[in-house]
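S.K.: Pasting a structure below so you can have a look.
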Amino acid sequence: MKFHSTRDGLAVTLDEALLKGLAADGGLFIPDVLPAFALEDFDRCTTITETAGVLLRPFFEESSLAGDLAGIVAETFSFPIPCVPLPAGNGHASLLELFHGPTAAFKDVGAGFLAACLSRLNRGQPDPLTILVATSGDTGGAVAAAFDGRTGMRVAVLFPDGRVTARQAHQLSCWGDNVLSLAVDGAFDDCQALVKAAFADPALSEAHRFSSANSINIGRLLPQSIYYGQASLEHFRATGKKPGFIIPTGNLGNGLACVMARDMGLPIGEIVLACNTNRLIADYLAGDSWTPRASIPTLASAMDVGNPSNMERLIAMHGDADALAGMLRAVAVSDAEIEEQIRLNDREFGLATCPHTATATHAWRALPAAERASTDWILVATAHAAKFEAIVEPLIGRTVPVPPELQKLLERPNHAERIQPTLAALGNALASRFRVDATPAGRDK
Ligand SMILES: *Cc1c(COP(=O)(O)O)cnc(C)c1O
Numbered sequence: 005m006k007f008h009s010t011r012d013g014l015a016v017t018l019d020e021a022l023l024k025g026l027a028a029d030g031g032l033f034i035p036d037v038l039p040a041f042a043l044e045d046f047d048r049c050t051t052i053t054e055t056a057g058v059l060l061r062p063f064f065e066e067s068s069l070a071g072d073l074a075g076i077v078a079e080t081f082s083f084p085i086p087c088v089p090l091p092a093g094n095g096h097a098s099l100l101e102l103f104h105g106p107t108a109a110f111k112d113v114g115a116g117f118l119a120a121c122l123s124r125l126n127r128g129q130p131d132p133l134t135i136l137v138a139t140s141g142d143t144g145g146a147v148a149a150a151f152d153g154r155t156g157m158r159v160a161v162l163f164p165d166g167r168v169t170a171r172q173a174h175q176l177s178c179w180g181d182n183v184l185s186l187a188v189d190g191a192f193d194d195c196q197a198l199v200k201a202a203f204a205d206p207a208l209s210e211a212h213r214f215s216s217a218n219s220i221n222i223g224r225l226l227p228q229s230i231y232y233g234q235a236s237l238e239h240f241r242a243t244g245k246k247p248g249f250i251i252p253t254g255n256l257g258n259g260l261a262c263v264m265a266r267d268m269g270l271p272i273g274e275i276v277l278a279c280n281t282n283r284l285i286a287d288y289l290a291g292d293s294w295t296p297r298a299s300i301p302t303l304a305s306a307m308d309v310g311n312p313s314n315m316e317r318l319i320a321m322h323g324d325a326d327a328l329a330g331m332l333r334a335v336a337v338s339d340a341e342i343e344e345q346i347r348l349n350d351r352e353f354g355l356a357t358c359p360h361t362a363t364a365t366h367a368w369r370a371l372p373a374a375e376r377a378s379t380d381w382i383l384v385a386t387a388h389a390a391k392f393e394a395i396v397e398p399l400i401g402r403t404v405p406v407p408p409e410l411q412k413l414l415e416r417p418n419h420a421e422r423i424q425p426t427l428a429a430l431g432n433a434l435a436s437r438f439r440v441d442a443t444p445a446g447r448d449k
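Here you go:
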């Protein structure tokens, strides 16, 4: 299998696509063709790792990692991803809980897979790779957790000091020696500008061998199709019905992964994207032009994306709005509706939901009653409510218990370093932590 950019047709291998992240022409890598599966291909798959082995094999065909697929998959899916029925009065609905990983959000899946791949691609190299990541909250923690302690890999996470929640800051700053956590005296845009400047600086990028782990890397996308595949197969085997999925959506990575799973032949029915007030996707499917907007801050902050980058992939694979409107739906959910859902989910289901997941329950409750009754719906829970306790707890009037994985992290010491938003300050911090001519001190995983 080869991959090409959404903008030109130049083919690369999976290895190159993983290492580069973004194509040289600024486009995003997509597979040349998606493999087509029959349901019987999964007859012998009962666990998610077995399903992953079958689904991912074609993508690894020309990769140097082909022989490592089983190990990569085992590392990626090392935590449970249960699909839990909701005590719904009208029709059948369940919650696909993607939040049992190390940082309690679904980004642990993509970050874990990418780390498992990149660390193997760098095997045998004398010098470590340094992953540079700017984060406004969730992504950086998942990336740090995924690369923590990996031999030959280093991470520098830049986040805006004082502008992430206390628990998020801790998840960005509680890792081992190979993770440098930098609290930048500035906004998220300053962090992002610094990362771009560092990549563009030939001396720095050569000395540290920078690589990126941002959400447009194909290695973040591919493994996300697996949980849709597994959940749909289990549901179809048990009921003979194709479930519909409702997916909290920001940059559209998680939604696109579900579309890809359906394209590959998995038994998936309707796909509904639940957006927040950043409603460009919903407006585009309703006929507006695709004009990127400034992002609007909402309660579902990990979905505050004004220009969802994965739309470029979706259009390259399926065509523009006319084609997409026939295969996808999108709804925009306001902050007031998110708050109402958090209260309703507590009252009706005894369930604490994070603000992102609340967009999905809103989209489900807003479906016409006949459609809620006739289709079995799987609502995607993207993060644990305990990560957003400052929003959720006042609305439901009780404390959200912290899951054990998250509790373990919160008990670790915090080692963030504060820096000014300058390239010189970043260069110094990198040099003093990662003495570039010294052998890496990473621990084996
Ligand atoms: C990143 C994120 C989303 C949005 O996912 P995309 O793949 O960017 O659409 C939703 N919920 C949570 C909790 C997230 O961290």
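When we follow this note's numbering, the leftmost residue of the sequence shown carries the number 5, and every step to the right adds one. Note that the Cβ used here is the ideal one computed from N, Cα and C, for glycine as well. Please read all numbers here as calculations on a predicted model, not as lab measurements.
1. What residues are listed by DSSP as bridge partners for Leu-118?
2. To the nearest whole angstrom, what separates the beta carbons of Arg-61 and Leu-73, a pair I think is in contact under 8 Å?
3. Counting beta carbon pairs with one atom in the region 300-315 and one in the region 333-350, are three or more of them shorter than 8 Å?
4. With DSSP collapsed to three states, give me the class of Asp-194.
5. Going by the CB atoms, is the gap between Phe-81 and Ile-34 shorter than 7 Å?
6. Does at least one heavy atom of ligand 1 sit under 6 Å from the Cβ of His-360?
7. Taking C-alpha atoms, which residue in Phe-64, Pro-247 and Ala-187 lies nearest to Pro-419?
8. Does the Cβ of Gln-456 have 16 or more other Cβ atoms within 10 Å, making it buried, or fewer, making it exposed?
9. For Ser-9, is the beta carbon positioned less than 6 Å from some heavy atom of ligand 3?
10. Below 8 Å, can you find three or more Cβ-Cβ pairs linking the region 363-372 to the region 389-398?
11. With H, G and I counted as helix, E and B as strand and the rest as coil, what does DSSP make of Val-263?
12. Please confirm whether Ala-356 and Val-406 have their CB atoms less than 7 Å apart.
13. Would you say the beta carbon of Gly-153 is closer than 6 Å to some non-hydrogen atom of ligand 1?
14. For His-174, does the three-state DSSP call read helix, strand or coil?
15. Out of curiosity, what's the CA-to-CA distance linking Asp-131 and Arg-297?
16. Taking the beta carbon of Asn-432 as the centre, do at least 16 other beta carbons fall within 10 Å, making it buried, or is it exposed?
17. Work out the CA separation of Ala-370 and Asp-324 for me, nearest whole Å.
18. Determine the burial state of Pro-206: buried for a count of at least 16 other Cβ atoms within 10 Å of its Cβ, exposed for fewer.
19. Starting from Ala-336, trace the beta strand (DSSP E) in both directions and tell me its first and last residue.
20. For Ser-177, is the classification buried or exposed, using 16 other Cβ atoms within 10 angstroms of its Cβ as the cut-off for buried?
21. Taking 6 Å as the cut-off, does the CB of Thr-386 come closer than this to any heavy atom belonging to ligand 1?
22. Can you tell me which residues form a DSSP beta bridge with Phe-33?
23. If you draw a straight line from the alpha carbon of Leu-14 to that of Glu-20, how long is it in whole angstroms?
24. Among residues of its own chain, excluding the 5 on either side of Ala-367, which ones have a beta-carbon nearer than 6 Å to its beta-carbon?
25. When the Cα of Trp-381 is compared with those of Phe-7, Leu-90, Gly-57 and Leu-59, which residue comes out closest?
26. List the whole-angstrom C-beta distance separating Val-199 from Val-161, where the pair is believed to meet the contact cut-off of C-beta under 8 Å.
27. Who pairs with Gly-330 in a beta bridge, going by DSSP?
28. Relative to ligand 1, is the shortest distance from any of its heavy atoms to the C-beta of Asp-29 smaller than 6 Å?
29. How is Glu-20 classed by DSSP in three states: helix, strand or coil?
30. For the 8 Å Cβ check, are there 3 or more pairs between the region 265-276 and the region 231-241?
M.R.: Straight from the coordinates:
1. In the DSSP output, where bridge partners are listed per residue, Leu-118 has none listed.
2. 7 Å
3. yes
4. helix
5. no
6. yes
7. Looking at the sequence itself, residue 419 is His, so the reference to Pro does not match. Here the closest residue by C-alpha is Ala-187.
8. For the chain, the structure presents residues 5 to 449; residue 456 sits outside this window and is missing.
9. As presented, the structure is devoid of ligand 3, carrying ligand 1 as its sole ligands.
10. no
11. helix
12. no
13. no
14. helix
15. 40 Å
16. exposed
17. 26 Å
18. exposed
19. 333-336
20. buried
21. yes
22. Ser-9
23. 12 Å
24. Ile-250, Val-276, Ala-278 and Val-335
25. Leu-90
26. With a Cβ gap of about 10 Å, Val-199 and Val-161 do not count as contacting.
27. Beta-bridge pairing links Gly-330 to no other residue.
28. no
29. helix
30. yes
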